[in-house]
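A.B. asks: For the sequence shown, UniProt numbering assigns the number 1 to the initial residue and increments by one for each residue that follows.
No residue lacks a Cβ here, since even glycine has one placed at the ideal position from N, Cα and C.
Keep in mind the model is a prediction, meaning the values are calculated, not measured.
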Amino acid sequence: MATITLDTPEMVIEELGKDACDANFRGGLGIFGSDNCEGFSHSKHKLYGFLPFFHRHWLNGKKIHYENTPARHLGTLEIHPTLRPVDIFKIKRANIDIFGIHQDIINDVLYTGDRWKRLQQHVTNGHAAPMCMKQQGIKPDISWINESHSAIAIPVILEDPYFRGVKILFTTHTPVEAGMEKFDFDFNELRISEKYRSVFMHNGRIDLNWGGMSLAHLINTVSEEHCQRMKEMFPEFAHKMVNVTNGSGRNSWMSPRLKALGDNIDLQKLAEAHRADKADLIDFIHRESGIRLDPNKLLMAWTRRLTNYKRQYPMLAPVIDAICADRNTYVDTPLGKLRGCGIQHLGVGVAHETERECQDWVNHFNNWTTNGLKGRFVFIPSYGLEFLKRTSWGADIWFSCPRKREEACGTSEERAQINGNPNITVCTGGMAEHVEDFDPINCSGNGLFIEPDEPIHLYYKSLALSDLYYDWTMNGNNRWLRLRMNAFETGKKLDATIMAQKYEAIFEKLLQMP
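As structure tokens, this is what we get:
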């Protein structure tokens, strides 16, 4: 048995309670950390997690009082002569011990737009996590560094005799340069040994991604396509790169109604459970937006960050009128006159305050919601675990359209399949490995690819799914139900426990290194 410490910038910790949980994650990176805890909860290896606990909710500014959560305060920790002390909290996530690093001034809000403060967050957390390990008597065999935000912990660990012999695994989650943390500040801000200047200063900037990859014994990517892309981008480190495609925690993300059915699930029971989950989602959306959708109409949905490469607005804008129009009517669009699909569309997401383009998308989505597509299109400018779960459970179709080779993996598509909800998506990232085009003749496949990945083909594939759905509701043709069952069966293969087993093989390789 090996001891593994996972150092991550964010994590979904449902056990903290709603506000504290949502304050400490903002996307797939936090979901990955949480699903890893579920995957390793029955592993032969001992996993511990370390992350910052943020003082305020990043979306609504609400102050988080961790003393009022189930987390236990372990005390205050001095971490460096020039850094503020931190408070350490402890809680279990899926039976894994998690240590939260709280500093109300520096760890104010997750992914602050203030670049100096964000660097100070990385520095504080990079020094605090190893100190917390020492204080708790945790001596890792492998230090697992989750993304460049956590990379400063590596030189701190390597310079401390307490951690002698530790191996470093560095997990990268993005091929997009904007997600690889770089800063225009002096190297001395990192408070690490001068000998690391050459690896953390790259092209005249602090480059945490370069530093992490330079010092790691192995680097892992999160999909096969991502691995190939990273080898092309960083040929200097290609020899260290291995891949483990992301999985998702079925126990965390499966609808309670589906879980209650156990293994006794057939086409009709899957449909009945989903019908109830969809009704619950429609009620929830009504409470959140004041708009009540039609439970009898096909519902396409997504909950995700709004960022340039995810392309929600540019893909939808030319065709959304036709997608949401009544079936057998025709509407004028920028791409010509198109037949209506009879699909309701639900989007949930928030743009980072520094992404002006995506903030403009929000304005367009709000306009569709309140004006031109009222009652057919709903956008809610929010995010959080409840939205993620309810939309994964209740959507008929899950929509995603990232720019090719820029989505490292994508796990919302996995969560949809875990619940038997087919994807309409671009053939990229992890989707290229687990989504298969549905063949309406032999009923093989579990979703539809938008190929080529252009708006008109999003429309054509939406129309194809609409035809399948309404052929079922109006004529009883069960091809739609078979598509859903295929998606559900695929979801079984995406469980985080399977992902954990693949990481265990990497751990064995690391442990055998001199």
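K337 by DSSP, collapsed to three states: which one?
C.D. replies: Counted from its first residue, the sequence shown places residue 337 at position 337. Residue state, collapsed to three classes: strand.
A.B. asks: With a CB to CB cut of under 8 Å and the five nearest residues on each side skipped, what residues in its chain are close to K62?
C.D. replies: By 1-based counting over the sequence shown, the position of residue 62 is 62. Hits under 8 Å: D19, A23 and R56.
A.B. asks: Helix or strand or just coil, what does DSSP make of F268?
C.D. replies: Looking up residue 268 in the sequence shown gives position 268. Just to set this straight, residue 268 is Gln in the shown sequence, not Phe. Three-state DSSP puts Q268 in a helix.
A.B. asks: Cutting at 7 Å between CB atoms, please list the residues of its own chain near T333, excluding the five before and the five after it.
C.D. replies: What you label residue 333 is simply residue 333 of the sequence shown in a count that begins at 1. Here the set comprises P318, V319, D321 and A322.
A.B. asks: So, helix, strand or coil for K502, using DSSP?
C.D. replies: Position 502 of the sequence shown, counted from the start, is the residue given in the question as residue 502. K502 falls in the helix class under three-state DSSP.
A.B. asks: Starting from the Cα of F399, find the closest Cα among V242, G347, I106 and E232 and give me that residue.
C.D. replies: Locating residue 399 in the sequence shown gives position 399, where the first residue counts as 1. The candidate whose alpha carbon is nearest that of F399 is G347.
A.B. asks: Once the 5 residues before and after T329 are set aside, which same chain residues still bring their CB inside 6 Å of it?
C.D. replies: Walking along the sequence shown from the start, residue 329 turns up at place 329. If we look at T329 and ignore the five residues flanking it on each side, its Cβ neighbours are G340.
A.B. asks: Strictly by DSSP, which residues pair up with I98?
C.D. replies: Residue numbering aside, residue 98 sits at position 98 when the sequence shown is read from its first letter. In the DSSP output, where bridge partners are listed per residue, I98 has G49 and I91.
A.B. asks: State the CB to CB distance for the pair I506 and V378, rounded to an integer number of angstroms; the pair is presumed to be in contact (CB under 8 Å).
C.D. replies: Along the sequence shown, read from residue 1 onward, the residue named residue 506 stands at position 506. Along the sequence shown, read from residue 1 onward, the residue named residue 378 stands at position 378. With 8 Å as the limit, I506 and V378 do not qualify as a contact, their Cβ atoms being about 42 Å apart.
A.B. asks: Which complete beta strand (DSSP E) runs does the stretch 181-213 hold, if anything under 3 residues is left out?
C.D. replies: Entirely contained in the stretch 181-213, the beta strand (DSSP E) runs reaching 3 residues are, in chain order, 205-207.
A.B. asks: Assuming D437 contacts F449 (C-beta within less than 8 Å), just tell me the rounded distance between them.
C.D. replies: Position 437 of the sequence shown, counted from the start, is the residue given in the question as residue 437. Position 449 of the sequence shown, counted from the start, is the residue given in the question as residue 449. So it is a contact: roughly 6 Å between Cβ atoms.
A.B. asks: Which partner residues does V378 have in the DSSP bridge list?
C.D. replies: Start at 1 with the first residue of the sequence shown, and residue 378 comes out as number 378. Beta-bridge pairing links V378 to L346.
A.B. asks: Given I380, which residues of its chain have a CB within under 6 Å of its CB, disregarding the five upstream and five downstream residues?
C.D. replies: For the purposes of this step, residue 380 is identified with residue 380 of the sequence shown, where counting begins at 1. Around I380: E288, S289 and V348.
A.B. asks: Any idea which residues DSSP pairs K63 with across the strands?
C.D. replies: Taking the sequence shown and counting its residues from 1, one reaches residue 63 at position 63. The partner list for K63 (beta bridge, DSSP) reads R56.
A.B. asks: Is it right to say I154 is buried, meaning 16 or more other beta carbons lie within 10 angstroms of its own, or is it exposed?
C.D. replies: Within the sequence shown, numbered from 1, the residue matching residue 154 stands at position 154. Buried, by the Cβ-count rule.
A.B. asks: For M254, I'd like the list of residues in its chain whose CB is within less than 7 Å of its CB, leaving aside the five on either flank, ordered along the chain.
C.D. replies: Position 254 of the sequence shown, counted from the first residue, corresponds to residue 254. I418 and N419, listed in sequence order.
A.B. asks: Near F163, what residues of its chain come up, given a Cβ to Cβ distance below 6 Å and the 5 sequence neighbours on each side ignored?
C.D. replies: Sequence index remark: in the sequence shown, residue 163 carries index 163 (1-based). Answer for F163: I157, listed in chain order.
A.B. asks: Near H122, which residues of its chain fall below 6 Å by C-beta distance, leaving aside the five closest residues on each side in sequence?
C.D. replies: Numbered from 1 along the sequence shown, position 122 holds the residue referred to as residue 122. Closer than 6 Å at Cβ, skipping near neighbours: H149 and I152.
A.B. asks: Taking 8 Å as the threshold, find out whether the stretch 123-131 comes into contact with the stretch 98-105 through three or more Cβ pairs.
C.D. replies: These segments touch.
A.B. asks: Just the Cα atoms here: how many angstroms apart are R72 and W480?
C.D. replies: Taking the first residue of the sequence shown as position 1, residue 72 is located at position 72. Taking the first residue of the sequence shown as position 1, residue 480 is located at position 480. So the alpha carbons of these two residues sit roughly 48 Å apart.
A.B. asks: Flag this pair as yes or no: are the beta carbons of L6 and W144 separated by less than 8 Å?
C.D. replies: For the purposes of this step, residue 6 is taken as the residue at position 6 of the sequence shown. For the purposes of this step, residue 144 is taken as the residue at position 144 of the sequence shown. Yes, Cβ-Cβ distance for L6 and W144 is below 8 Å.
A.B. asks: Where A325 and Y460 are concerned, what is the direct C-alpha to C-alpha distance, given to the nearest angstrom?
C.D. replies: Translated into positions along the sequence shown, residue 325 becomes position 325. Translated into positions along the sequence shown, residue 460 becomes position 460. Near 14 Å, if we compare the C-alpha coordinates of Y460 and A325.
A.B. asks: Take C409 as the anchor and find which of D108, P175, N68 and K117 has the nearest alpha-carbon.
C.D. replies: Your numbering for residue 409 matches position 409 in the sequence shown. Closest option to C409, Cα to Cα, is P175.
A.B. asks: Quick check: the Cα distance between N220 and L338, rounded to an integer number of angstroms?
C.D. replies: Position 220 of the sequence shown, counting from 1, holds the residue named residue 220. Position 338 of the sequence shown, counting from 1, holds the residue named residue 338. So the two alpha carbons sit approximately 44 Å from each other.
A.B. asks: Hey, does L29 have any beta-carbon neighbour from chain D nearer than 8 Å?
C.D. replies: Although the question refers to chain D, the structure presented lacks it and comprises just one protein chain.
A.B. asks: Cutting at 6 Å between CB atoms, please list the residues of its own chain near W368, excluding the five before and the five after it.
C.D. replies: As a working note, residue 368 is residue 368 in the sequence shown. Excluding positions up to five away in sequence, the list reads F377.
A.B. asks: Check for me: the beta strand (DSSP E) holding H73 runs from which residue to which?
C.D. replies: Here residue 73 corresponds to residue number 73 of the sequence shown, with the count starting at 1. Per DSSP, H73 belongs to the beta strand (DSSP E) from R72 to L77.
A.B. asks: Please return the same chain residues whose Cβ sits closer than 6 Å to the Cβ of residue 517, not counting the five positions on each side in sequence.
C.D. replies: There is no way to answer for residue 517, as the model of the chain reaches only from 1 to 514.
A.B. asks: Can you name the start and end residues of the beta strand (DSSP E) that T369 belongs to?
C.D. replies: As a working mapping, residue 369 is identified with position 369 in the sequence shown. Where T369 is concerned, there is no enclosing beta strand (DSSP E), although the alpha helix (DSSP H) it sits in stretches over R356 to T370.
A.B. asks: State the CB to CB distance for the pair R205 and Y111, rounded to an integer number of angstroms; the pair is presumed to be in contact (CB under 8 Å).
C.D. replies: As a first step, residue 205 is located in the sequence shown; it is residue number 205 there, counting from the start. As a first step, residue 111 is located in the sequence shown; it is residue number 111 there, counting from the start. R205 to Y111, Cβ: 19 Å. No contact.
A.B. asks: How about E225 and A416: are their beta carbons less than 8 Å apart?
C.D. replies: If you number the sequence shown from 1, residue 225 lands on position 225. If you number the sequence shown from 1, residue 416 lands on position 416. It is not a contact, given that the beta carbons lie outside the stated cut-off.
A.B. asks: Does the stretch 384-394 come within contact of the stretch 271-286, defined as at least 3 CB pairs closer than 8 Å?
C.D. replies: With a cut-off of 8 Å, the stretch 271-286 and the stretch 384-394 count as touching, because enough Cβ pairs lie within range.
A.B. asks: I need the straight-line Cα distance from T69 to S444, nearest angstrom please.
C.D. replies: The residue given as residue 69 occupies position 69 in the sequence shown. The residue given as residue 444 occupies position 444 in the sequence shown. Their backbone Cα atoms lie some 47 Å apart in a straight line.
A.B. asks: Using three-state DSSP, classify F40 as helix, strand or coil.
C.D. replies: For this step, residue 40 is matched to residue 40 along the sequence shown. F40: coil per DSSP, three-state reduction.
A.B. asks: Going by the DSSP bridge assignment, what does L306 pair with across the sheet?
C.D. replies: Within the sequence shown, numbered from 1, the residue matching residue 306 stands at position 306. Note: L306 sits in a beta bridge opposite A351.
A.B. asks: Just to confirm, are residue 522 and F54 a CB contact at a threshold of 8 Å?
C.D. replies: The question about residue 522 has no answer, for the chain in this structure spans 1 to 514.
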